[in-house]
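Engineer:
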Amino acid sequence: MAVSLAKGGRVSLDKAAPGLKNIHVGLGWDPRVTDGTEFDLDASAFLVGASGKVKGDDYFIFYNQLKSPDGSVEHTGDNRTGAGEGDDEVLYVYLDKVAADIGKIVFTVTIHDAEARRQNFGQVGNAFIRLVNKDSGAEVVRFDLGEDYSTETAMVFGEIYRQGSEWKFNAIGQGYSGGLRSMAIQYGVHV
Amino acid sequence: MDLQSGQNAPVGTGAVRVTLSADPANQAPSLDPSAILLGADGRVKGDGGFVFYGQPRDPSGAVVLDPVTATFHVDQARLPSGVGRVVFALTIDSEVAGLRSFSQFRSVLLALDGSATSLRYPLVTSGMSETALILAELYLRNGVWKLRAVGQGFVGGLAPLARNYGVDVSEKAAPPLPSPSPAPAPPSAAPPKRIDLTKRQPVSLEKPAQGFGKIAINLNWSSGEKKKGWFGTKNAGIDLDLGCMIEMADGGKTVVQALGNTFGDFDRPPFAKLLGDDRTGESTSGETLLINGDRWAAFRRVLIYTFIYEGVPNWAAADAVVSLSAPGSPQLVVRLDEHATGKGMCAIAMLENDGGCIRVTKLVDYFAGHEPMDRAFGFGFRWVAGRK
Chain B
4 MAVSLAKGGR
14 VSLDKAAPGL
24 KNIHVGLGWD
34 PRVTDGTEFD
44 LDASAFLVGA
54 SGKVKGDDYF
64 IFYNQLKSPD
74 GSVEHTGDNR
84 TGAGEGDDEV
94 LYVYLDKVAA
104 DIGKIVFTVT
114 IHDAEARRQN
124 FGQVGNAFIR
134 LVNKDSGAEV
144 VRFDLGEDYS
154 TETAMVFGEI
164 YRQGSEWKFN
174 AIGQGYSGGL
184 RSMAIQYGVH
194 V
Chain V
123 MDLQSGQNAP
133 VGTGAVRVTL
143 SADPANQAPS
153 LDPSAILLGA
163 DGRVKGDGGF
173 VFYGQPRDPS
183 GAVVLDPVTA
193 TFHVDQARLP
203 SGVGRVVFAL
213 TIDSEVAGLR
223 SFSQFRSVLL
233 ALDGSATSLR
243 YPLVTSGMSE
253 TALILAELYL
263 RNGVWKLRAV
273 GQGFVGGLAP
283 LARNYGVDVS
293 EKAAPPLPSP
303 SPAPAPPSAA
313 PPKRIDLTKR
323 QPVSLEKPAQ
333 GFGKIAINLN
343 WSSGEKKKGW
353 FGTKNAGIDL
363 DLGCMIEMAD
373 GGKTVVQALG
383 NTFGDFDRPP
393 FAKLLGDDRT
403 GESTSGETLL
413 INGDRWAAFR
423 RVLIYTFIYE
433 GVPNWAAADA
443 VVSLSAPGSP
453 QLVVRLDEHA
463 TGKGMCAIAM
473 LENDGGCIRV
483 TKLVDYFAGH
493 EPMDRAFGFG
503 FRWVAGRK
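Sequence lines, in order, name chains B and V.
Going by the working numbering, the first sequence opens with residue 4, and the numbers climb by one from there.
Going by the working numbering, the second sequence opens with residue 123, and the numbers climb by one from there.
1. For V:V506, count neighbouring Cβ atoms within 10 angstroms of its own Cβ and tell me buried if that reaches 16, exposed if not.
2. Would you kindly report the start and end of the unbroken beta strand (DSSP E) that includes V:R263?
3. Using only the alpha-carbon positions, how far apart do V:G128 and V:G164 sit?
4. If you scan the region 192 to 238 of chain V from start to end, which runs of the beta strand (DSSP E) of 3 or more residues do you find wholly inside it?
5. Closer than 8 Å by C-beta to B:K58: which residues in its own chain qualify, once you throw out the five before and the five after it? Chain order, please.
6. Would you say B:Q166 touches the ligand ATP, meaning its beta carbon is less than 7 Å from a heavy atom?
7. Under DSSP, the beta strand (DSSP E) around V:R457 begins and ends at which residues?
8. How long is the line joining the alpha carbons of V:F276 and V:F210, rounded to whole angstroms?
9. Less than 7 Å between C-beta atoms, sequence neighbours within five positions excluded: which residues of the same chain meet that for V:M472?
10. List, in order along the chain, the chain V residues whose C-beta lies closer than 7 Å to that of B:D38?
11. Report yes or no: is there a C-beta of chain V within less than 8 Å of the C-beta of B:F160?
12. Contact defined as beta carbons within less than 8 Å: I believe V:F227 pairs with V:T213. What is the distance between those atoms, to the nearest angstrom?
13. Can you list the residues of chain V that B:G125 reaches, using a CB-CB cut of under 8 Å?
14. Quick one: Cα of V:V266 to Cα of V:L454, how far?
15. Does any residue of chain B have a CB that is nearer than 8 Å to the CB of V:I256?
16. Reducing DSSP to helix, strand and coil, say where V:G365 ends up.
17. Measure the C-alpha to C-alpha separation of V:V230 and V:A258 and round it to an integer number of angstroms.
18. When you compare only the Cα positions, how much space is there between V:V443 and B:A187?
19. With DSSP run on the structure shown, which of helix, strand or coil describes B:S185?
20. So, are the CB atoms of B:Y97 and B:H27 less than 8 Å apart?
21. Near B:S15, which residues of its chain fall below 6 Å by C-beta distance, leaving aside the five closest residues on each side in sequence?
22. Is it the case that the Cβ atoms of B:W32 and B:L23 are separated by a distance below 8 Å?
23. Within its chain, find whatever has a CB closer than 6 Å to the CB of V:L187; leave out the 5 residues flanking it on each side and keep chain order.
24. Check the DSSP bridge columns for B:E142 and list the partner residues they point to.
25. Looking at B:F160 and B:F110, is the spacing between their C-beta atoms short of 8 Å?
26. Per DSSP, what kind of secondary structure is B:N123 in: helix, strand or coil?
27. DSSP on B:E169, reduced to helix/strand/coil?
28. Does any residue of chain B have a CB that is nearer than 8 Å to the CB of V:R263?
29. Counting contacts by CB-CB distance shorter than 8 Å, is B:E150 in contact with chain V?
30. Let me make sure I understand the geometry here. Which of V:G365, V:P146 and V:A371 has the alpha-carbon closest to that of V:Y431?
31. On the DSSP bridge list, what partners appear for V:P418?
32. Please list, in chain order, the chain B residues whose beta carbon lies closer than 9 Å to that of V:N286.
33. In whole angstroms, what is the alpha-carbon distance linking V:F501 and V:M367?
34. Return the first residue and the last residue of the alpha helix (DSSP H) that V:G495 is part of.
35. Please classify B:G178 as buried or exposed, where buried requires at least 16 other C-beta atoms within 10 Å of its C-beta.
36. Which residue comes first and which comes last in the beta strand (DSSP E) that contains B:W32?
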């Protein structure tokens, strides 16, 4: 039985899914049902150290850089419309490959070209992030963002982080203005 | 507090009023407000959950539309169980030609007033090719009613919007809606009824105890520019006439109009009278046709029409407005601004005696003249050219 978290909630992955090694991180949202410009949402991951900044620019995983140098995080590619059942974009995290100096992996979703298209998260329905045991297919934890957003154009959905020897998941649901660029700058990526 | 698209805010406790308007306001009569009551699955709760001009209240009475002011009175406490969301939309009346999309409005506004809360959602619509717009949704979240500004819509109008919420619609003429009076929930096995979105949707005027009184149909228009030529003033104006074809309950048929000097009589058959003849459009009150509603039992049906007596059939330039008002009923307003139809005659509305009630069906059908219109509606008059 998967753990369902509310905004701010935390769960120990070791306790929720003992022996979890390889994680399927699914991010989803409902596509636009009305006419007009499609919403193009992009999931990204930032592998950050103790400073809260990325270890290097290539530790920013997004549609143009699908794999981290250590092979610990892999992006399965861009979904341009959000159409289809289930997860709209998926990243894989191989916990065994995460270098010791990486303290947390932050998962974000940004609306592509939001300003020009006059779009924001308040217009996006049913956004979620869920962690699935990639090996067994069992859902471990899920966070439905519900209304934890409004006129923001960039969101931190959640993060997995080390605490001592174990990994935990934190349901963040924090929104920002700006797009992927400002999100990247925030985590110390040189863009 | 002003909301922007995507933003939400709590509406406080108690019932609310939601008013939809547009700028410029004089175009607003051609906008149709609607509200859709949704269940948890985002689908309409029965066909009664679609509140619009053809059905101005839902069966629970929780959502009631005042079509004159485009205001919805919403009492959340009375909503049927399972309804956690009410969507408010504006649709361009596709039968009013000349209006193509919301880009022809500067902006639209949704104003919500509650006991302690006022929320406004102004939306600039320039550049929007949609013809149906979801302005906002009122929804229950963790026990609190909130309003979310949406500002998205459909290019194809009310039909795709309604379908999006599971309202089974037909765009062709369909059987009239069942009476919107509170009815027991239909058995779940019954096939879903189709809601007809065409303007053929009749509105039934319930019979007041004291009779319908004076039913007034008014036509007003602008005469167009008076052009000054070398040889003096040439009036390029337009003369519009108002009239009606009447079929009495006893089968008798008559026409009331200025052409042919058949002005009728209010107190004696045909119980309909045309007041004067405004030949310029400059009279502020225009032309008025009165129907004696207290004698409604003597009528079978009345076809209200207007025609261009003089001047080119350019309805857009005439900018004519026909209104129908009966005591105790919302006014029906029809704006005739069809561009260059080349047809000088327009059937405005049909009034039918429906068991003592007046069933009003808005038509806005253009014809080349009296004869083809008569044929279309099957009155069966004999026509000769007339003058006045």
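Using N, Cα and C, we set each Cβ at its ideal position, and we do this for glycine too.
Structural biologist: Taking the definition as stated:
1. That one is exposed.
2. Residues A254 to R263.
3. Looking at the two C-alpha atoms, the distance is approximately 18 Å.
4. Counting only runs of 3 or more, we get 193 to 196, 207 to 214 and 229 to 235.
5. These residues qualify, in order along the chain: L50, V51, G52, A102, D104 and I105.
6. With respect to small molecules bound, the structure shown includes none, and the ligand ATP cannot be examined in it.
7. Start and end: L454 to L458.
8. Between the alpha carbons of V:F276 and V:F210 lies a gap of roughly 14 Å.
9. Counting only residues of its own chain and dropping the five nearest sequence neighbours on each side, V:M472 has a CB closer than 7 Å to the CB of R423, L425, T483 and L485.
10. For B:D38, the chain V residues whose C-beta falls within less than 7 Å of its own C-beta are E252, G275, F276 and V277, listed in chain order.
11. Cβ-Cβ to chain V under 8 Å: no for B:F160.
12. The Cβ separation is near 12 Å, so there is no contact.
13. In chain order: S127, G128, Q129, N130, R270 and A271.
14. Separation of V:V266 and V:L454 (C-alpha to C-alpha, rounded to the nearest whole angstrom) is 37 Å.
15. At least one beta carbon of chain B lies nearer than 8 Å to the beta carbon of V:I256.
16. Taken through DSSP and simplified to helix, strand or coil, V:G365 comes out as strand.
17. Computed Cα separation, rounded: 12 Å.
18. When rounded, the distance between both Cα atoms is 58 Å.
19. Helix, per DSSP.
20. Their beta carbons are not under 8 Å apart, which means B:Y97 does not touch B:H27 by this criterion.
21. Hits under 6 Å: E169 and K171.
22. No, Cβ-Cβ distance for B:W32 and B:L23 is not below 8 Å.
23. Excluding residues within five positions, the ones whose Cβ falls inside 6 Å are V173, P178 and F194.
24. Answer is B:V135.
25. Cβ distance < 8 Å, so B:F110 and B:F160 count as in contact.
26. The answer is coil: DSSP assigns B:N123 none of H, G, I, E or B.
27. B:E169: strand per DSSP, three-state reduction.
28. So, interface residue.
29. Judged by the 8 Å Cβ criterion, B:E150 is in contact with chain V.
30. Closest by alpha carbon: V:G365.
31. For the record, residue 418 of chain V in the displayed sequence is Trp; it is not Pro. DSSP lists no beta-bridge partner residue for V:W418.
32. Simply V36 and T37.
33. The straight-line gap from Cα to Cα measures roughly 8 Å.
34. The residue you asked about is not Gly; residue 495 of chain V is Met in the sequence shown. Run containing V:M495: H492 to F499, per the alpha helix (DSSP H) assignment.
35. So B:G178 counts as buried.
36. Residues N25 to D33.
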